[in-house]
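Student: First to last, the protein sequences are chains E and U. Heads up: the first sequence runs through residues -1 to 379, numbered per the numbering used here. Heads up: the second sequence runs through residues 618 to 1015, numbered per the numbering used here. Here a beta-carbon is modelled for each residue, glycine too, at the ideal position from N, C-alpha and C.
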Amino acid sequence: MRVAMIGWEYPPFQTGGLAVHCYELTHALAAKGVKVDFYMPRTDSDITTQDHNIRIIPVAHAKFGAYVTKHAYGPEFFSNVHAFNNDAAEQIAKNDRHVHYNLIHHHDWMTAFAAMKAKYSIDRPMVSTFHSIEFDRSGMWPNEYILNIEKQMAATADRVITVSNYMKGRLVEKLGADIAKIRVVYNAIDAADFKKHWDVSHGKERIILFLGRLTDQKGPTQFLHAAKLVLDKERNIRFVIVGTGDMLGYLINLAISLGIGDRVTFIGYLPDEQKRYVYAKSDVYVMPSVSEPFGITALEAMASGTPVLVSKTSGAAEVTPHRLTVDFWDINQMAEKMVALLRYKVLSETLGKEELHDALELTWDKIAEETMRVYEEIAVG
Amino acid sequence: MMPSICIYFQVHQPVRLRRFSIFEQRQPENLFERYFDVKLNREVFNKVADKCYLPTNSLLLELIKKYGEKFKISYSLTGTFLEQATQYRPEVLDSFHALAETGSVDFLNETYYHSLSSLFEDKTEFVEQVRKHSEELKERFGVEADVFRNTEALFSNDIARLAEEFGYKGIIGEGHERVLGWRSPNYVYSVKGCKKIKALLRNYKLSDDVSYRFSAQWWSEFPLTADKYAKWLASSQGQCINLFMDYETFGEHQWKETGIFEFLRQFPEEAMKYGNLNFRTPDDVIREQQPVGEIDVPYALSWADIERDASAWLGNAMQRECFSLLQSLETPVREARDEEMLHIWRLLQNSDHLYYLCTKSWADGDVHKYFSPFPSPYDGFINLMNILQDFKKQVERA
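#1: Going by DSSP, what residue range makes up the beta strand (DSSP E) through Arg236 (chain E)?
#2: Residues in its own chain within less than 6 Å of Leu322 (chain E) by CB, not counting five upstream and five downstream?
#3: Taking Cβ-Cβ distances shorter than 7 Å, what residues in chain E pair up with Ser638 (chain U)?
#4: For Gln936 (chain U), tell me which candidate among U:Leu1001, U:Asp900 and U:Gln907 has the shortest Cα-Cα distance.
#5: Is the Cβ-Cβ distance between Ser630 (chain U) and Val655 (chain U) less than 8 Å?
#6: Quick one: residues in its chain with C-beta nearer than 6 Å to the C-beta of Tyr729 (chain U), no 5 flanking neighbours on either side, listed in chain order?
#7: DSSP puts Val324 (chain E) in a beta bridge; with which residues?
#8: Expressed to the nearest angstrom, what Euclidean distance is found between the alpha-carbon atoms of Met245 (chain E) and Arg925 (chain U)?
#9: With DSSP as the reference, label Leu797 (chain U) as helix, strand or coil.
#10: Mind checking His69 (chain E): buried by the 16 CB within 10 Å criterion, or exposed?
#11: Using 10 angstroms around the beta-carbon of Gly201 (chain E), count the other beta-carbons present and answer buried if the total reaches 16, otherwise exposed.
#12: Whole angstroms are fine: how far does the CA of Glu298 (chain E) sit from the CA of Lys117 (chain E)?
#13: Do Phe82 (chain E) and Ala58 (chain E) count as a contact pair if the criterion is CB distance below 8 Å?
#14: Mapping DSSP to helix, strand and coil, what is Gln871 (chain U)?
#15: What residue from E:Ala17, E:Leu252 and E:Ala155 has the CA that sits closest to Phe264 (chain E)'s CA?
#16: Is it right to say Arg954 (chain U) is buried, meaning 16 or more other beta carbons lie within 10 angstroms of its own, or is it exposed?
#17: Kindly list, in the order they appear in chain E, the residues whose Cβ is closer than 8 Å to that of Met958 (chain U).
#18: Kindly indicate if chain E contains any beta-carbon less than 8 Å away from that of Ile1004 (chain U).
#19: Quick check on the DSSP output: what are the complete beta strand (DSSP E) runs of length 3 or more inside the region 200 to 227 of chain E, in order along the chain?
#20: Listed in chain order, which residues of the region 293 to 319 of chain E have Cβ atoms closer than 8 Å to some Cβ of chain U?
#21: Leu736 (chain U) to Thr768 (chain U), Cα distance in whole Å?
#22: What is the residue span of the alpha helix (DSSP H) that Ala2 (chain E) lies within?
#23: Leaving out five residues on either side along the sequence, give the residues of the same chain with a beta carbon under 6 Å from the beta carbon of Asn163 (chain E).
#24: Between Ala333 (chain E) and the rest of its own chain, which residues show a CB-CB distance below 6 Å, the 5 nearest in sequence each way excluded?
#25: Counting pairs of Cβ atoms below 8 Å between the region 838 to 854 of chain U and the region 892 to 903 of chain U, do you hit three or more?
#26: Using a threshold of 8 Å, state whether the C-beta atoms of Leu354 (chain E) and Gly303 (chain E) are closer than that.
#27: Let me know if Gly589 (chain U) comes out buried or exposed under the rule of 16 or more other beta-carbons within 10 Å of its beta-carbon.
#28: To which residues of the same chain is Ser287 (chain E) closer than 6 Å at the C-beta, ignoring the five residues directly before and after it?
#29: Closer than 7 Å by beta-carbon distance: list the chain E residues that pair up with Tyr998 (chain U), in chain order.
#30: Distance, Cα to Cα, Glu956 (chain U) vs Leu733 (chain U)?
#31: Can you tell me whether Val632 (chain U) is helix, strand or coil according to DSSP?
#32: Counting contacts by CB-CB distance shorter than 8 Å, is Tyr995 (chain U) in contact with chain E?
#33: In this structure, what does DSSP give as the bridge partners for Asn726 (chain U)?
#34: Go ahead and pull the three-state DSSP assignment for Trp979 (chain U).
#35: Examine chain E for any beta-carbon lying closer than 8 Å to the beta-carbon of Ala934 (chain U), and answer yes or no.
#36: Is Leu256 (chain E) helix, strand or coil when you go by DSSP?
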């Protein structure tokens, strides 16, 4: 099987989680004998791979990165996206004459045009993976233009992959996608990366961790309000906030005005290795996101053996039954469950152990296998 | 040999817990209202009364009147059921009285609070709960039971020996292969280490055909009709076919629409077509039959889940932690010499509270999920533990 895959970032060029996903997925597929040509925007440095089943094919030089806020979408941004898509589609059609692709697989709206154009020009099935939708990134005020691309992409694809059942529901509800062609394939992590911190000792001061971009979508405000309630009941707790974002200043002020400034530590950005240490060192991981297509951080915490409390509106809540869930707006419940995890050792130990077990099951090998099953449903000879 | 059909229905409603939050602004001072959800319990009781208790009782009364002494059944009514019936729906009690007066209905004894007190290290509490139940039955229905059924049919040599010491002549157990091996549950057995007590073991296959599989479309015998079922019973060998099931099977677990009531209505007549079948209560069987062999049950056996042991209530560390906390409260609760507190502590021992914390995730998980008011066993644990911790504080303060 040979797949033309289109993405917009790949390590070492990365601005978000998609690069890691594409890297791991292509390699896991390659290990199963799938040949993957990975089309992506040309970058300043060369991206190479050792795997003979994978070819990285850079096309039009496009200067665009992660969409963090809607302010990032200038007119130039969209024309760059278009240029890249056009070029990618032409390259795919050209290469197909030599190698013959069985299908086209692309990630998120930024590569949708290339996939749709190639689908029609070489008449091959198309698989679209939605890692998130515009509604998850911008909440109440989606960019209409992007929203329309997402609708088209869902309508045109022969199979749609979402990273959770939660997302599957949102695609049907928000984009009018046909539920019959949606398949759920979760994200994975490489658990080996987390192993060395499993035995890290916990201090007397217990740690409740928030890790993520500091934007409304991730729920840091609720986290601090819940922290305030917890501190009314429990002593010797530290609330650690890892990550940066627009709301940093606001959150620091909020912590101070709640009178818990001395109990909240803002760490800022952390490189992967230190992040893994912090996960393991923490007693509770909280992910209070308003809407989280998957929530890879929760899976990382699980792989660290740290019990997680995640919002009901997240994909991560599905990957194991051994977690606590909460409505993202319910501060009382959030605090209640944080306190329970701190007070009842038998609860946090049970959750930690069972979650770790489930996180280890979720390997990239398994993800590749499930992806191939989707391919096999539609691939042409 | 003519096998007797021996029917016993378990009638139980737990007193369900309230969602207890440590962040509540005002918590009720009254301990009962503080921990138990009066509104929910009333709702559930009334719902089950309408769907099951009242229609099933009236149908059975009709059948008993029709067939006289030829059709016999028995019940075990828990103390928490009786209390809630009194409080929320007295007519349900009246209908049980009407059944009791026919003379064709027997009652069994169990722990008043449907508790796991038989597994406490100190058996004082177990003894008291059994006594309380027996006094309650005597007072309400004027009956003295000869047969004991422990909570969820929890059974072991030790429990049987205790029941024998209490004066019971018979005890209910699960007729599982783990105990019987190749032997049939359709006989009366003696119990290792006991002198005279006779064990009546549930024929779980034939019982579950009704209580569990009646409406199961995946089942090759679906639909189950009364004449087919009677034929199966008539072709069985042994002294007694013990059909023991939750009473809520009728109308609640198996909805009216499944035809379960029509089945029940036709069943006695279909069974009576066979000259080799008759109906007997557990008391009758114990009186009439002699044991054919001995069973040896060193570890607790129950009728729950695939394992048929105590793991549905004590299978994980969270359940054991709650159970041991409950147990550790015995001395301080007794020392407080406060009747209300003692009653609350006992209501908290209700095995259902621990059942909701079960994490066994395979086939059985579905059943636990169906009965649980909590989204997950972990939420169940947090609620129960918060309540137990709060109660502990109240006890220490007293």
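Tutor: Answer, in terms of the structure:
#1: Within the first sequence, numbered from 1, the residue matching residue 236 (chain E) stands at position 238. Per DSSP, Arg236 (chain E) belongs to the beta strand (DSSP E) from Ile235 to Val240.
#2: On the first sequence, residue 322 (chain E) is found 324 positions in, with the first residue counted as 1. Contacts found: Leu307 and Lys335.
#3: Counted from its first residue, the second sequence places residue 638 (chain U) at position 21. Result: Asn330 and Glu334.
#4: Here residue 936 (chain U) refers to the residue found at position 319 of the second sequence. By alpha-carbon distance to Gln936 (chain U), the top candidate from U:Leu1001, U:Asp900 and U:Gln907 is U:Leu1001.
#5: Locating residue 630 (chain U) in the second sequence gives position 13, counting from the first residue. Locating residue 655 (chain U) in the second sequence gives position 38, counting from the first residue. A quick correction: the sequence has Gln, not Ser, at residue 630 (chain U). Their beta carbons are not under 8 Å apart, which means Gln630 (chain U) does not touch Val655 (chain U) by this criterion.
#6: Residue 729 (chain U) sits at position 112 when you count from the first residue of the second sequence. Cβ within range, chain order: Gly696, Gln746, Lys749 and His750.
#7: Taking the first residue of the first sequence as position 1, residue 324 (chain E) is located at position 326. E:Ser309, per the DSSP bridge assignment.
#8: On the first sequence, position 247 is the one that residue 245 (chain E) refers to. On the second sequence, position 308 is the one that residue 925 (chain U) refers to. About 55 Å.
#9: Stepping through the second sequence from its first residue, residue 797 (chain U) is reached at position 180. Secondary structure of Leu797 (chain U) (DSSP, three-state): helix.
#10: Residue 69 (chain E) sits at position 71 when you count from the first residue of the first sequence. With a pLDDT of only 47 at His69 (chain E), under the threshold of 50, the placement of this residue in the model should not be trusted; the figure read from the coordinates follows. Around the beta-carbon of His69 (chain E), fewer than 16 other beta-carbon atoms lie within 10 Å, marking it exposed.
#11: Numbered from 1 along the first sequence, position 203 holds the residue referred to as residue 201 (chain E). Burial call: exposed.
#12: Here residue 117 (chain E) refers to the residue found at position 119 of the first sequence. Here residue 298 (chain E) refers to the residue found at position 300 of the first sequence. Spanning the two alpha carbons is a distance of roughly 36 Å.
#13: Position 60 of the first sequence, counted from the start, is the residue given in the question as residue 58 (chain E). Position 84 of the first sequence, counted from the start, is the residue given in the question as residue 82 (chain E). Yes. Within cutoff.
#14: The sequence position of residue 871 (chain U) within the second sequence is 254, counting from 1. Strand at Gln871 (chain U).
#15: For this step, residue 264 (chain E) is matched to residue 266 along the first sequence. Phe264 (chain E) has its Cα closest to that of E:Leu252, out of E:Ala17, E:Leu252 and E:Ala155.
#16: For the purposes of this step, residue 954 (chain U) is identified with residue 337 of the second sequence, where counting begins at 1. Taking every protein chain shown into account, the CB of Arg954 (chain U) has fewer than 16 other CB atoms within 10 angstroms, so this residue is exposed.
#17: Start at 1 with the first residue of the second sequence, and residue 958 (chain U) comes out as number 341. Think of a sphere of 8 Å around the beta carbon of Met958 (chain U): no beta carbon from chain E falls inside it, the nearest being about 23 Å out.
#18: Within the second sequence, residue 1004 (chain U) is the residue found at index 387, counting from 1. Not a single C-beta of chain E is nearer than 8 Å to the C-beta of Ile1004 (chain U).
#19: Runs of the beta strand (DSSP E) lying entirely within the region 200 to 227 of chain E and spanning at least 3 residues, in chain order: 204 to 209.
#20: Correct list: Pro319.
#21: On the second sequence, residue 736 (chain U) is found 119 positions in, with the first residue counted as 1. On the second sequence, residue 768 (chain U) is found 151 positions in, with the first residue counted as 1. Whole-angstrom Cα-Cα distance: 11 Å.
#22: Within the first sequence, numbered from 1, the residue matching residue 2 (chain E) stands at position 4. Per DSSP, Ala2 (chain E) belongs to no alpha helix (DSSP H); it is in the beta strand (DSSP E), Arg0 to Ile4.
#23: Residue 163 (chain E) sits at position 165 when you count from the first residue of the first sequence. Same-chain partners within the cutoff: Val182 and Glu316.
#24: In the first sequence, counting from the first residue as 1, residue 333 (chain E) sits at position 335. If we look at Ala333 (chain E) and ignore the five residues flanking it on each side, its Cβ neighbours are Ala224, Leu227 and Val228.
#25: Enough Cβ pairs lie closer than 8 Å, so yes.
#26: To locate residue 354 (chain E), count along the first sequence from 1; it is residue 356. To locate residue 303 (chain E), count along the first sequence from 1; it is residue 305. Yes, the Cβ-Cβ distance between Leu354 (chain E) and Gly303 (chain E) is below 8 Å.
#27: Any question about residue 589 (chain U) goes unanswered here, given that chain U covers just 618 to 1015.
#28: Within the first sequence, numbered from 1, the residue matching residue 287 (chain E) stands at position 289. Sequence-distant partners of Ser287 (chain E) (beyond 5 residues in either direction) whose C-beta falls short of 6 Å from its own C-beta, in its chain, are Lys216, Gly217, Ser309 and Ser312.
#29: For the purposes of this step, residue 998 (chain U) is identified with residue 381 of the second sequence, where counting begins at 1. Tyr is not the amino acid found at residue 998 (chain U); the sequence shown has Phe there. Here the neighbours are Leu345.
#30: As a working mapping, residue 956 (chain U) is identified with position 339 in the second sequence. As a working mapping, residue 733 (chain U) is identified with position 116 in the second sequence. One C-alpha to the other measures close to 20 Å.
#31: As a working note, residue 632 (chain U) is residue 15 in the second sequence. Val632 (chain U) falls in the coil class under three-state DSSP.
#32: What you label residue 995 (chain U) is simply residue 378 of the second sequence in a count that begins at 1. Chain E places a beta carbon closer than 8 Å to that of Tyr995 (chain U), counting this residue as a contact.
#33: Your numbering for residue 726 (chain U) matches position 109 in the second sequence. Beta-bridge annotation (DSSP): Asn726 (chain U) is paired with U:Phe765.
#34: Working through the second sequence from its first residue, we reach residue 979 (chain U) at position 362. Below a pLDDT of 50, predicted positions are generally treated as unreliable, and Trp979 (chain U), at 43, falls in that range; the measurement from the model is reported next regardless. Residue state, collapsed to three classes: coil.
#35: Working through the second sequence from its first residue, we reach residue 934 (chain U) at position 317. It does; some Cβ of chain E falls within 8 Å.
#36: Against the first sequence, residue 256 (chain E) aligns to sequence position 258. In this structure, Leu256 (chain E) counts as coil in the three-state DSSP scheme.
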